[in-house]
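Heads up, the sequence shown is in my numbering, so the first residue is 170 and it goes up one at a time. From the three backbone atoms N, C-alpha and C, an ideal C-beta is built for every residue, glycine too. Here is the structure we will look at.
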Amino acid sequence: MCGRFTLRTPLNLLVEQLMLDFALGELPPRYNIAPTQPAAVVRQADDGQRRMDFLRWGLVPSWAKDMAIGNRLINARAETVAEKPAFRAAFKRRRCLVPTDGYFEWQAQGKAKQPYLIEMQDGEPFAFAGLWESWQAPDGSPLETFTLITTDANETTRPIHDRMPVILSPEAHAMWLDGDFEARQPLLDLLVPFEAEPMRTTPVSRHVNNPRNDDPECVAVQKELF
Numbered sequence: 170m171c172g173r174f175t176l177r178t179p180l181n182l183l184v185e186q187l188m189l190d191f192a193l194g195e196l197p198p199r200y201n202i203a204p205t206q207p208a209a210v211v212r213q214a215d216d217g218q219r220r221m222d223f224l225r226w227g228l229v230p231s232w233a234k235d236m237a238i239g240n241r242l243i244n245a246r247a248e249t250v251a252e253k254p255a256f257r258a259a260f261k262r263r264r265c266l267v268p269t270d271g272y273f274e275w276q277a278q279g280k281a282k283q284p285y286l287i288e289m290q291d292g293e294p295f296a297f298a299g300l301w302e303s304w305q306a307p308d309g310s311p312l313e314t315f316t317l318i319t320t321d322a323n324e325t326t327r328p329i330h331d332r333m334p335v336i337l338s339p340e341a342h343a344m345w346l347d348g349d350f351e352a353r354q355p356l357l358d359l360l361v362p363f364e365a366e367p368m369r370t371t372p373v374s375r376h377v378n379n380p381r382n383d384d385p386e387c388v389a390v391q392k393e394l395f
């Protein structure tokens, strides 16, 4: 499960690297994005333009009776995403990128849990494979939400957790975002562990444990473990 991530990269760099045509609003640095919070998501509009908007983390299917189901749908397993009722419609037509520059996992040792920041060796941003949905509340108000797809861990991340979010290479972005591309197998073939060598794991402060904390201390290196 991936339950926290960061996005500290300036907006102008994301616009360039993700080839965005439109980005909504400001993008202050985020050090501890948690479920139910809004996060930046990249989608392709009907006219082919790439847009960055803010969606709530935790997917609420269009048929859901209430939004509470989203609290349990923060991740979708790559192995079943095309079949599960909560995800299959979004997998077919509503795929998105979730820009990030690091995510957190916790390693247990006895009763203690040590958070690790998992990122690229060069510190560059990257993009998770996500799905999005639009849901309408009983009062008619719309809500747009997203989930992150997970797969098996790679050699770098496996000592900390047996799963990792799917990270898409820039070459895969166009196909993943294209809602008119419905060939199932090529899409599923993208949902594999990212290569291990470019990635690194760093123990960080337990300050990140509290989802209300969202400041540089969340990514501060923890020098003494346990």
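Residue i: which of the options sits nearest, CA to CA?
i	options	result
H342	M170, R212, L317	R212
T325	H376, A259, I318, L286	L286
K234	D216, I243, A255, A245	A255
A203	N323, R327, F174	F174
G309	Q206, M188, Q186, S231	S231
R375	P367, F363, V388	V388
L360	G227, R264, G172	R264
T370	T205, Q391, N382	Q391
R262	R353, E364, E386	R353
R241	K280, M170, N323, D384	M170
For residue i, which residues of its own chain have a beta-carbon under 6 Å away from its beta-carbon, when the five flanking residues on both sides are left out?
i	result
R220	F191, R212, A214
D321	P362
M344	F350
A296	L266, P268, L337
A347	Strictly speaking, residue 347 in this sequence is Asp, with Ala absent from that position. Answer for D347: no residue qualifies.
L183	P268
Determine the burial state of residue i: buried for a count of at least 16 other Cβ atoms within 10 Å of its Cβ, exposed for fewer.
i	result
A208	buried
E274	buried
F395	Low per-residue confidence applies at F395: pLDDT is 49, beneath 50, and the placement is therefore not dependable enough to give any value.
A259	buried
N201	buried
G299	buried
T178	buried
L176	buried
P294	buried
P198	exposed
E340	exposed
E185	exposed
P355	exposed
E302	buried
G227	buried
What is the DSSP secondary structure of residue i, reduced to helix, strand or coil?
i	result
Q206	coil
F260	helix
M344	helix
M333	strand
M368	strand
F395	Residue placement at F395 is poorly supported in this model, since its pLDDT is 49, which falls under 50; the coordinates still yield a value, given next. Reduced to three states, the DSSP call for F395 is coil.
L189	coil
Q290	coil
V390	strand
I'd like the list of long-range same chain contacts for residue i, defined as Cβ closer than 7 Å, with 5 residues on each side in sequence excluded.
i	result
L180	A192, L196
L312	R225, V229, M236, W304, A306
P367	M289, Q290
Under the assumption that residue i contacts residue j (Cβ atoms under 8 Å), give the Cβ distance between them as a whole number of angstroms.
i	j	result
Q290	Q283	Actually they are not in contact, since the Cβ atoms of Q290 and Q283 sit about 20 Å apart, beyond 8 Å.
R225	T314	5 Å
G194	I243	About 23 Å separates the two Cβ atoms, so there is no contact after all.
I318	A245	5 Å
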